[in-house]
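One line per chain: the protein sequences are A and B, in this order.
Counting in this note's numbering, the first sequence runs from 8 upward without gaps.
Counting in this note's numbering, the second sequence runs from 8 upward without gaps.
Read the structure below first, then the notes.
There are 2 protein chains.
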Amino acid sequence: MEYNEKQLAIINSAEKLFALNGFDGASVRDIAHEACVNLAMISYYFGSKEKLMEAVFEQRTTKIRLKVENLIQDTSIGNLEKVNILIDDYVDKFIHQQEFHKIMLREQLIEKNTPIAALIHELKKKNMESIKKLVMDGQKSGEFKKNIDVTLMMSTLVGTVSNIITCQSFYREMNNLENMTEIEFQKHVRKKLSTHLKNIFKSILTNEG
Amino acid sequence: MEYNEKQLAIINSAEKLFALNGFDGASVRDIAHEACVNLAMISYYFGSKEKLMEAVFEQRTTKIRLKVENLIQDTSIGNLEKVNILIDDYVDKFIHQQEFHKIMLREQLIEKNTPIAALIHELKKKNMESIKKLVMDGQKSGEFKKNIDVTLMMSTLVGTVSNIITCQSFYREMNNLENMTEIEFQKHVRKKLSTHLKNIFKSILTNEG
DNA sequence: AATAATTAATCAAACGTTTGTTTAGTTTTA
DNA sequence: TAAAACTAAACAAACGTTTGATTAATTATT
């Protein structure tokens with residue numbers, strides 16, 4: 008879908024306010040005001056608030072799919088190295104699209120079969136299948152051990168990153184990082200998360216001693 | 008606070024619907040209907056919807072504090088064993104109070120200084136301090152290694168459990184557990200999460216080979 | 001190239017619902 | 001019989017959406 012400037016302004020404002028206040032908590036009036044457009048333009052362009060939410064998803068999910076497919080093909084990289092690249096990719100995506108990820112977290116708490124729930128489900132399933140394949144490759148080559156619960160492992164990846172991002176201010180407080188600028192802090196967290204998760208994954212996947 | 012039967016019915020219904028639809032998504036009419044009480048009873052007993060939410064928190068957080076304080080005192084248990092007990096305690100609490108934890112997850116996405124945000128913050132801070140102390144004890148005794156990021160470690164605990172509980176149906180689907188009863192599944196997840204997290208924590212905390 | 005016709009974009013105002021809360025009255029309890 | 005518990009109805013405010021009018025931009029016609 009191609010959007011003009013005004014439509015993109017609405018989508019960006021919607022993303023921001025949906026992330027902050029939730030779908031029901033963010034009124035179309037607030038979104039219109041934030042985007043500096045007339046209230047009626049939202050219905051005019053997107054049809055409804057619900058459809059606007061779908062547009063936000065459509066706009067963001069296109070870029071969000073992990074680059075696993077291409078990565079798996081590459082024969083010049085070891086499988087553990089591939090996993091490490093994947094971790095960094097995931098951490099980066101989450102940090103740089105925090106608001107959208109917050110919407111996703113919220114949406115997953117609703118156990119209804121909305122069109123958005125279907126989009127999220129498909130996205131997760133595709134990623135999971137790719138990663139399962141990657142783990143199997145590592146097991147065949149002898150790099151990884153047997154009996155790995157990939158779902159559980161991915162929950163640790165996704166869960167840890169989600170938690171840190173959701174509780175940023177708490178993390179800052181606990182580690183006396185309140186004076187860091189936003190960019191400094193992002194860099195710090197990125198590095199910390201990366202090494203933390205790589206260590207965990209190494210311990211889950213290999214028989215390192 | 009002491010609540011009568013009707014008040015408890017309201018609190019329970021509110022917990023359920025807040026977890027499912029969020030604060031704004033759950034109307035007081037829905038809550039009243041679910042609790043089989045007249046709409047006006049909510050204002051009558053709790054004053055407002057906001058105060059009802061606070062009552063839900065007050066009612067649940069009293070039981071939720073991890074039993075770390077007592078645990079730390081106990082000299083008959085090793086520190087790694089204490090950590091393992093803590094993990095089981097946390098997993099159990101999360102599984103048996105899923106709805107309340109979903110509300111907490113949602114509430115943490117809102118970056119506003121609501122009374123509830125303050126309650127959550129205090130709860131987390133107290134737990135974090137206790138666990139930091141526990142880790143330090145383990146380091147002094149030589150059981151644990153140095154340079155442990157406790158915040159990051161706790162993010163992995165909380166994040167992994169949250170993620171699995173939030174995405175239960177996805178976890179079931181990925182592991183072909185759709186036919187399990189709710190209780191069987193809870194037992195299964197409990198065991199899986201427990202061993203998974205204990206392995207991770209052992210690897211984070213000790214120099215095991 | 002100038003004008004008419006058509007479409008798209010924009011807006012303030014109003015629509016009908018639903019929202020949380022209150023009222024004023026009734027029933028129950030002690 | 002006074003206080004507490006309870007209710008149906010009404011309240012104003014906020015909600016998402018639609019309307020009808022107006023302006024800007026594009027296309028068609030002469």
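Note that the Cβ used here is the ideal one computed from N, Cα and C, for glycine as well.
Computed from a predicted structure; not experimentally measured.
Item: Give a yes or no on whether the minimum CB-CB distance between B:Ala47 and chain A is below 9 Å.; Value: no
Item: Cβ of A:Arg36 less than 9 Å from any chain B Cβ?; Value: no
Item: Comparing the C-beta of A:Tyr10 with each C-beta of chain B, is any distance below 9 Å?; Value: no
Item: Report yes or no: is there a C-beta of chain A within less than 9 Å of the C-beta of B:Phe177?; Value: yes
Item: Under 8 Å by Cβ, that's how I've got B:Gly166 and A:Asn120 pegged, so tell me the actual separation to the nearest angstrom.; Value: Their Cβ separation, rounded to whole angstroms, is 26 Å, which puts B:Gly166 and A:Asn120 out of contact at 8 Å.
Item: Can you give the Cα-Cα distance for A:Met143 and A:His203, rounded to whole angstroms?; Value: 23 Å
Item: At the 9 Å Cβ level, is A:Ala125 part of the contact set with chain B, yes or no?; Value: no
Item: To the nearest angstrom, how far is the alpha carbon of A:Tyr178 from that of B:Glu136?; Value: 13 Å
Item: Could you round the C-beta distance between B:Tyr52 and B:Ile92 to whole angstroms and report it? I think they count as a contact, below 8 Å.; Value: Not really, about 38 Å apart at Cβ, beyond 8 Å.
Item: If I measure Cβ to Cβ from B:Thr85 and keep anything under 7 Å in the same chain, skipping five residues before and after, which residues do I get?; Value: Note that residue 85 of chain B is Gly in the sequence shown here, rather than Thr. Correct list, in chain order: Glu150.
Item: Of the choices B:Lys147, B:Glu106 and B:Leu164, whose alpha-carbon is the least far from that of B:Lys209?; Value: B:Leu164
Item: Starting from A:Gln115 and walking both ways along the alpha helix (DSSP H), at which residues does that stretch end?; Value: Gln105 to Leu116
Item: Of the choices B:Asn45, B:Ile79, B:Ser34 and B:His40, whose alpha-carbon is the least far from that of B:Glu57?; Value: B:Ser34
Item: Under a Cβ-count criterion, where at least 16 other Cβ atoms within 10 Å of its own Cβ denotes burial, should B:Gly29 be classed as buried or exposed?; Value: buried
Item: Quick one: does B:Gln104 have its CB under 9 Å from some CB of chain A?; Value: no
Item: B:Ile117: which of A:Glu9, A:Leu126, A:Ile172 and A:Gln66 sits nearest, CA to CA?; Value: A:Ile172
Item: Does A:Glu129 come out as helix, strand or coil in the three-state DSSP assignment?; Value: helix
Item: Alpha carbon to alpha carbon, how far is A:Leu159 from A:Leu112? Give it in angstroms, no decimals.; Value: 17 Å
Item: Give the secondary structure of A:Ile49 by DSSP, where H, G and I count as helix, E and B as strand, and everything else as coil.; Value: helix
Item: How would you list, in chain order, the residues of chain A whose beta-carbon sits under 7 Å from the beta-carbon of B:Gln115?; Value: Thr173 and Cys174
Item: Residues of chain A with CB closer than 8 Å to the CB of B:Ser169, please, in chain order.; Value: Gly166, Ser169 and Asn170
Item: State the Cα-Cα distance for the pair B:Lys132 and B:Leu87, rounded to the nearest angstrom.; Value: 22 Å
Item: Is the CB-CB distance between B:Leu126 and B:Glu189 below 9 Å?; Value: no
Item: Compile a chain-ordered list of the residues in the region 79-113 of chain B whose CB is closer than 8 Å to at least one CB of chain A.; Value: Lys109, Leu112 and Arg113
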